[in-house]
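Structure, as structure tokens:
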Amino acid sequence: MGGGVAFVGTADTGRVESPVTWKSYMMCAFAAFGGIFFGFDSGYISGVLAMDYFIHLFTGLPIPGPDASAAVKNAFVIPTPHKSLIVSILSAGTFFGAILAGDLADWFGRRTTVILGCIVYGIGCILQTASSGLGLLVAGRLIAGFGVGFVSAIIILYMSEIAPKKVRGAIVSGYQFAITIGLLLASCVDYATENRTDSGSYRIPMALQLLWALVLAGGLLWLPESPRYFVMKGQLEKAAHVLERLRDQPPGSELVQAELTEIIANHEYEMSVIPQSGYFSSWANCFRGSLTNPASNLRRTILGTSMQMMQQWTGINFIFYFGTTFFTALGTISNPFLISLITTLVNVCSTPISFWIIERFGRRTIMIWGALGMVVCEFIVAIIGVTDSSKPAISAMIAFICLYIFFFATTWGPGAWVVIGEVFPLPIRSRGVALSTASNWLWNCIITVITPYITSTAGGGVDLGPKIFFLWGSLCLLCLIYAYFLIPETKGLTLEQVDRMLEETTPMTSAKWVPHSTYAAEMGMTEKTVPHGVEHVEAGKEADSNV
Ligand code: BGC
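For the sequence shown, the working numbering begins at 9 and goes up steadily by one.
Put into structure tokens, the structure is as follows:
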């Protein structure tokens with residue numbers, strides 16, 4: 009606790025954040041590396057499941073020679089229930105991992121939880137690499153899933169809390185960029201090892217996952233804990249110290265003090281509105297308030313979880329998980345790897361554009377326009393697909409799919425992550441972000457499980473063929489309506505100002521809101537020392553190692 013330290017706030021809305029240097033930008037941006045886990049793990053498994061050596065080892069079937077009959081070749085696959093178990097168990101682990109991480113991040117700190125996530129993930133990777141049968145592989149993916157859940161939820165929280173407001177959107181978009189690089193790396197590594205006739209074919213991609221864990225955990229050891237976590241814990245001196253490091257300011261900097269006082273005042277205010285009393289009530293707080301009030305905790309939780317659901321409803325993972333199968337089935341495409349390489353490359357190369365537009369035009373604007381762009385592209389793909397099956401028509405479909413990926417990668421891909429990091433008030437932020445991330449994985453899993461049944465007649469399903477793009481197009485239309493009515497504009501505001509903006513506007517009027525007062529002024533903290541009684545949240549729990 010910050011015994012005896014005077015924190016003097018400001019009534020000037022323009023001074024609620026201290027200036028930053030390049031070093032501080034770099035520190036915040038490093039955490040984005042966590043996205044690599046997400047991308048690599050969701051990407052590498054589909055390639056491994058199709059590898060000859062892997063299928064041979066896990067099914068006991070001999071690898072069919074070049075002269076084998078079509079029936080033998082078709083039967084040489086991982087059985088569907090096993091395939092679905094291997095793929096979806098990761099999402100199950102991630103779902104629960106993300107929710108659990110919400111608690112851990114409040115108990116032990118954001119940075120510690122991510123490092124813990126890396127350790128859990130590492131154990132899962134070792135088990136997967138050691139596996140030569142279903143049991144160990146599934147256990148390894150479940151455990152790795154837990155780790156990915158920790159990392160994917162808490163990195164967003166951590167980055168949003170440490171980033172300077174002017175570049176917070178761009179920095180969190182860096183996380184999405186890392187996801188896309190993870191997906192690309194996964195397809196390249198699979199491509200490089202798929203023809204090996206030894207266990208290196210699947211063990212190399214699995215073992216490589218460890219590297220991401222080592223780099224992230226190693227890097228985070230040098231980064232400071234989130235100052236907002238220390239404020240929650242009432243450890244104000246530590247909060248001041250880490251904020252000075254993050255903003256690269258000298259000890260005792262008045263600018264840092266003003267920023268910190270605003271965070272403290274906002275927290276005091278939130279705590280007076282929603283008192284905390286025990287573990288279950290802290291979860292229940294995420295669902296309190298009125299459905300009609302855009303600032304209520306309930307509405308913010310619905311916003312975060314539904315935004316991640318809508319992000320999955322755009323159909324993006326249909327392209328990344330099933331795109332190659334889809335285009336191979338349409339014929340005329342001889343090299344499925346090439347298509348997946350093109351789609352993942354478009355994803356990687358477009359994402360950096362979001363760094364600029366998310367700060368220039370704002371979250372709300374780009375998500376409205378991005379949804380519109382996706383709707384148009386998906387309906388065009390559907391219409392071409394049902395009317396023409398010539399080679400040029402298929403090339404046109406691929407071109408529009410690339411354009412659709414461009415719209416996703418520059419808007420909804422990063423935007424959904426940026427907004428969930430910004431809309432929750434500090435007392436429920438870790439849980440709110442955790443629930444929203446869990447929603448992403450839940451819908452990711454639901455879509456992955458359902459899609460095979462609407463793209464193939466096997467197992468009693470229906471093959472919608474290119475008509476499936478009417479479905480994705482219609483869902484993107486819902487995203488457009490959703491964005492217009494429900495996504496608030498949060499650009500350029502501190503997290504505390506976002507809190508106030510949500511109280512005073514509706515999503516449709518939010519873009520015009522300008523900060524007009526500070527929490528420090530309202531809570532009477534502009535001239536005097538912050539009272540020492542801020543240790544109301546789980547007081548007594550120390551987190552010394554985090555500074
Ligand atoms: C989504 C993932 C998707 C990826 C593609 C992420 O934002 O949550 O499900 O695979 O973007 O780049």
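Positions of the beta carbon are idealized from the N, C-alpha and C atoms, including for glycine.
Under 8 Å from any heavy atom of the ligand BGC, does the C-beta of residue i make it?
i, result
"Ser518", "no"
"Ala483", "Here residue 483 is Leu; the residue named in the question, Ala, does not match the sequence. No."
"Ile324", "yes"
"Gly47", "yes"
"Pro360", "no"
"Gln243", "no"
"Tyr102", "Tyr is not the amino acid found at residue 102; the sequence shown has Thr there. Outside the cutoff, so no."
"Thr459", "no"
"Asn301", "no"
"Ser464", "no"
"Leu472", "no"
"Ile366", "no"
"Trp480", "no"
"Thr188", "yes"
"Trp425", "yes"
"Arg348", "The identity of residue 348 in the sequence shown is Ser, whereas the question assumes Arg. Outside the cutoff, so no."
"Asn448", "yes"
"Gly68", "no"
"Leu191", "yes"
"Ala491", "no"
"Phe363", "no"
"Gly177", "no"
"Phe328", "yes"
"Asn305", "no"
"Gly105", "no"
"Gln316", "yes"
"Gly421", "yes"
"Asn203", "no"
"Ala161", "no"
"Ala417", "yes"
"Ser50", "yes"
"Asn355", "yes"
"Gln184", "yes"
"Gln217", "no"
"Asn82", "no"
"Gln505", "no"
If you follow the alpha helix (DSSP H) that residue i is part of, which residue opens it and which one closes it?
i, result
"Gly182", "Arg176 to Thr201"
"Gln217", "Gly208 to Leu228"
"Trp30", "Trp30 to Phe38"
"Asp396", "Taken as a continuous stretch (DSSP letters only), Asp396 belongs to no alpha helix (DSSP H), as it is neither H nor E."
"Ala58", "Note, Ala58: premise wrong, no alpha helix (DSSP H); not H, not E."
"Phe493", "Ile476 to Leu494"
"Gly242", "Note, Gly242: premise wrong, no alpha helix (DSSP H); not H, not E."
"Thr534", "Segment: none, Thr534 is in no alpha helix (DSSP H) and carries neither H nor E."
"Arg149", "Leu142 to Ile170"
"Glu497", "Looking at the DSSP string, Glu497 is not in any alpha helix (DSSP H), and its letter there is neither H nor E."
When you measure from the CB of residue i to every non-hydrogen atom of the ligand COA, does any distance come out below 8 Å?
i, result
"Phe334", "Ligands in the displayed structure: the ligand BGC; the ligand COA is not one of them."
The region 122 to 139 contacting the region 176 to 185, beta-carbon criterion three pairs below 8 Å: Output reads no: the region 176 to 185 does not touch the region 122 to 139.
List in chain order: all unbroken alpha helix (DSSP H) runs of 4+ residues lying wholly within the region 336 to 390. DSSP runs (the alpha helix (DSSP H)) wholly in the region 336 to 390: 344 to 368.
Ignoring anything shorter than 4 residues or poking outside the region 407 to 447, list the alpha helix (DSSP H) runs there in chain order. Listed in chain order, they are 421 to 430.
Cβ pair count under 8 Å reaching 3, the region 449 to 461 against the region 92 to 109: With the rule of 3 Cβ pairs closer than 8 Å, the region 449 to 461 counts as touching the region 92 to 109.
With a threshold of 8 Å, are at least 3 pairs of Cβ atoms found where one atom belongs to the region 396 to 411 and the other to the region 483 to 490? Verdict: no, contact absent.
Using 8 Å as the cut-off, can you tell me whether the region 194 to 206 makes contact with the region 51 to 60, which would need three or more C-beta pairs spanning the two stretches below that distance? Counting C-beta pairs with one atom in each stretch, the region 194 to 206 and the region 51 to 60 have three or more that are closer than 8 Å, which means they touch.
Does the region 153 to 165 come close enough to the region 441 to 451 to have 3 or more Cβ pairs within less than 8 Å? Touching, yes.
Segment contact, 8 Å Cβ cut-off, at least three pairs: the region 78 to 86 with the region 155 to 171: Touching, no.
Quick one: complete alpha helix (DSSP H) runs, 4+ long, within the region 260 to 320? You should have 262 to 281 and 287 to 292.
Report yes or no: do the region 64 to 81 and the region 118 to 125 share at least 3 C-beta pairs separated by less than 8 Å? Contact between the region 64 to 81 and the region 118 to 125 is absent, because fewer than three Cβ pairs lie under 8 Å.
Contact between the region 212 to 231 and the region 378 to 387 (3+ Cβ pairs under 8 Å): Too few Cβ pairs lie closer than 8 Å, so no.
Using 8 Å as the Cβ pair cut-off and three pairs as the minimum, do the region 411 to 420 and the region 495 to 510 touch? No, the region 411 to 420 does not touch the region 495 to 510.
Which residue spans inside the region 67 to 124 form an unbroken alpha helix (DSSP H) run of at least 4? Within the region 67 to 124, complete alpha helix (DSSP H) segments of at least 4 residues are found at 78 to 83 and 88 to 115, given in chain order.
Spell out a yes or no on whether the region 252 to 262 and the region 142 to 149 are touching, meaning 3 or more CB-CB pairs, one atom from each, closer than 8 Å. Not touching, per the Cβ criterion.
Specify whether the region 265 to 275 and the region 286 to 300 touch according to this definition: at least 3 beta carbon pairs, one from each stretch, less than 8 Å apart. Using a C-beta cut-off of 8 Å, the region 265 to 275 makes no contact with the region 286 to 300, since fewer than three inter-stretch Cβ pairs fall below that distance.
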